[in-house]
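Student: Counting in the numbering used here, the sequence shown runs from 1 upward without gaps.
Even glycine gets a Cβ: it sits at the ideal position worked out from N, Cα and C.
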Amino acid sequence: MLDFATMFRMIVQLLVITGVIYYQHRRQERISCEVHGTCSRNEDFGEEQVIDANHISETEQIIRDMVSYFKRLRSDPTTSVMMHEILDGCKNQDANCAFWAIVGECDKAPGYMHTHCAPVCQSCDQLSMEMRCPMDPNAERKNCWGPGNLNDFFLNLTSSPENKKYKPKILSQPSNIKKKVSESDISINEPWVIYLDTFLSHKEADRLVSIANKVGFKPSVDGMEENSKQKNAFTSTWINDLSSQDSTVKKIISRIFHLTNIPIANAERFQIMKYEKGQAHQLHHDFIYYQAQRQPGVRILAIFLFLSDVEGGETFFPKLNISVQAKKGRALIWPLVLNGNPNKKDENMWYGTAVVKDGVKYGANIFIHQRDFQGPHKNNCH
1 MLDFATMFRM IVQLLVITGV IYYQHRRQER ISCEVHGTCS RNEDFGEEQV IDANHISETE
61 QIIRDMVSYF KRLRSDPTTS VMMHEILDGC KNQDANCAFW AIVGECDKAP GYMHTHCAPV
121 CQSCDQLSME MRCPMDPNAE RKNCWGPGNL NDFFLNLTSS PENKKYKPKI LSQPSNIKKK
181 VSESDISINE PWVIYLDTFL SHKEADRLVS IANKVGFKPS VDGMEENSKQ KNAFTSTWIN
241 DLSSQDSTVK KIISRIFHLT NIPIANAERF QIMKYEKGQA HQLHHDFIYY QAQRQPGVRI
301 LAIFLFLSDV EGGETFFPKL NISVQAKKGR ALIWPLVLNG NPNKKDENMW YGTAVVKDGV
361 KYGANIFIHQ RDFQGPHKNN CH
């Protein structure tokens with residue numbers, strides 16, 4: 001018969017063994033849930049939601065559905081580690097997200113709601129560019145420019161009898177235009193730069209300025225520009241969807257389509273620039289590298305419409321020794337890419353705006369992409 005001391009040691013040993021097994025089991029469970037993202041947690045859904053007095057029950061239901069959405073994904077063993085990481089950063093970025101979801105904005109304005117109010121829209125997967133904006137494996141087949149098309153475009157633009165009414169002037173052009181196109185065809189130091197002296201009427205220019213003033217100008221921070229606090233920083237605004245329905249805007253857009261023979265869906269909205277006396281724009285380039293891997297493709301062409309006459313404020317290309325005086329109604333056109341490889345940036349096309357000496361310089365940027373821009377833009381896929 002076992003004595004008390006022996007029995008006590010056996011019980012202690014059994015408890016130790018049981019504890020070790022339990023610890024190892026729990027540790028394995030923890031490792032597994034961390035790998036799969038299913039560990040229990042207190043979710044942070046972002047901004048606390050405003051509950052409108054007229055929509056109390058609807059708001060509470062939206063919030064319950066949001067919580068269930070997270071729980072369902074967290075507990076699903078097929079939910080990827082990447083999706084769990086996306087859920088960690090999925091937040092309502094506005095206190096009115098739930099109310100907007102109630103009134104149908106998740107469907108009406110998916111570009112904004114699916115990313116800024118993703119929890120209530122149950123669209124956290126849309127926070128991932130890869131999931132929201134998958135690239136078509138055949139996207140390049142939809143490019144409007146292939147090797148050699150850039151030169152063809154400018155040759156037609158400057159020689160077409162239909163365009164003579166705009167009084168085109170060539171400021172720079174390649175000397176090897178008729179040379180066989182190859183990857184090495186980069187037109188070093190001699191890319192195309194032209195302007196159409198009478199592309200807009202003064203009335204059309206004034207109308208664009210009037211629309212922009214109604215939309216409102218803000219200090220510009222556009223990609224290359226992060227100097228909006230500098231005393232000579234300019235302001236800008238984008239023509240919105242509503243303003244794009246203006247008859248004058250539609251007329252100008254149609255004219256650009258006929259001029260370029262590129263689908264107007266490939267163009268961004270007009271960006272209206274405003275430079276007051278003493279303001280300028282430092283050297284920059286309008287090509288955006290990462291867009292090569294986005295649905296619209298890269299910007300291939302820039303058009304700048306001069307909307308006022310000023311002293312100073314020239315648009316200048318230092319590598320080409322070109323300076324263009326602001327003249328109301330004039331359209332300045334240049335490529336952002338290479339003729340031999342129209343998905344690659346042309347380093348010659350850095351440009352800036354000189355200091356405005358007197359008056360206010362207004363102008364409109366139009367950037368044109370390889371593929372449809374406006375569709376992807378609605379879903380923040382640009």
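#1: For A205, which residues from the same chain have a beta carbon less than 8 Å from its beta carbon, with the 5 sequence-adjacent residues on both sides left out?
#2: If we call anything under 8 Å between Cβ atoms a contact, is V324 one with D358?
#3: Let me check one thing: in DSSP terms, what residues is N365 bridge-paired to?
#4: Q271 and W238 - do their beta-carbons sit closer together than 8 Å?
#5: Quick check: what's the CA-CA separation for Y166 versus S172?
#6: Grouping DSSP H, G and I as helix and E and B as strand, with all else coil, what is I288?
#7: Can the beta-carbon of I264 be found closer than 8 Å to that of I252?
#8: Decide yes or no for the touch test of the region 207 to 223 against the region 311 to 322: beta carbon pairs closer than 8 Å, at least 3 of them.
#9: Helix, strand or coil for Q173, going by three-state DSSP, please let me know.
#10: Threshold first: 4 residues or longer. Then list the alpha helix (DSSP H) segments lying entirely within the region 87 to 165, N to C.
#11: Can you give the Cα-Cα distance for N261 and W334, rounded to whole angstroms?
#12: CB-CB under 6 Å to D125, same chain, minus the five flanking residues each way: which ones, in chain order?
#13: Decide if G46 is buried, meaning its Cβ has at least 16 other Cβ atoms within 10 Å, or exposed.
#14: Kindly indicate the opening and closing residues of the alpha helix (DSSP H) around T248.
#15: Buried or exposed for K108, going by 16 or more other Cβ atoms inside 10 Å?
#16: Classify Y351: buried if its beta carbon has 16 or more other beta carbons within 10 angstroms, exposed otherwise.
#17: Is it right to say D88 is buried, meaning 16 or more other beta carbons lie within 10 angstroms of its own, or is it exposed?
#18: Specify the secondary structure class of S80 as computed by DSSP and reduced to three states.
Tutor: On the basis of the supplied data:
#1: Correct list, in chain order: L305, F306, L307, S308, K328, G329 and Y362.
#2: Contact check for V324 against D358 fails: the beta carbons are separated by 8 Å or more.
#3: The secondary-structure analysis by DSSP pairs N365 across a beta bridge with Q271 and F304.
#4: Going by C-beta atoms, W238 is nearer than 8 Å to Q271.
#5: A straight-line Cα-Cα distance of about 18 Å links Y166 and S172.
#6: Looking at I288 - three-state DSSP - the assignment turns out to be coil, as it is neither helix nor strand.
#7: Taking 8 Å as the Cβ cut-off, I264 and I252 do not qualify as a contacting pair.
#8: The answer is no - the region 311 to 322 does not touch the region 207 to 223, with fewer than three Cβ pairs under 8 Å.
#9: Coil at Q173, not helix or strand.
#10: Listed in chain order, the complete alpha helix (DSSP H) runs (minimum 4 residues) inside the region 87 to 165 are 97 to 102, 105 to 108, 110 to 116, 118 to 121, 129 to 132 and 149 to 159.
#11: Their backbone Cα atoms lie some 15 Å apart in a straight line.
#12: Taking D125 as the centre and dropping the five residues before and after it, the same chain places the C-beta of M131 closer than 6 Å to its C-beta, in chain order.
#13: G46 counts as buried, since no fewer than 16 other beta carbons sit within 10 angstroms of its beta carbon.
#14: Per DSSP, T248 is one residue of the alpha helix (DSSP H) stretching across S247 to T260.
#15: That one is exposed.
#16: So Y351 ends up on the buried side.
#17: So D88 ends up on the exposed side.
#18: It is coil, neither helix nor strand.
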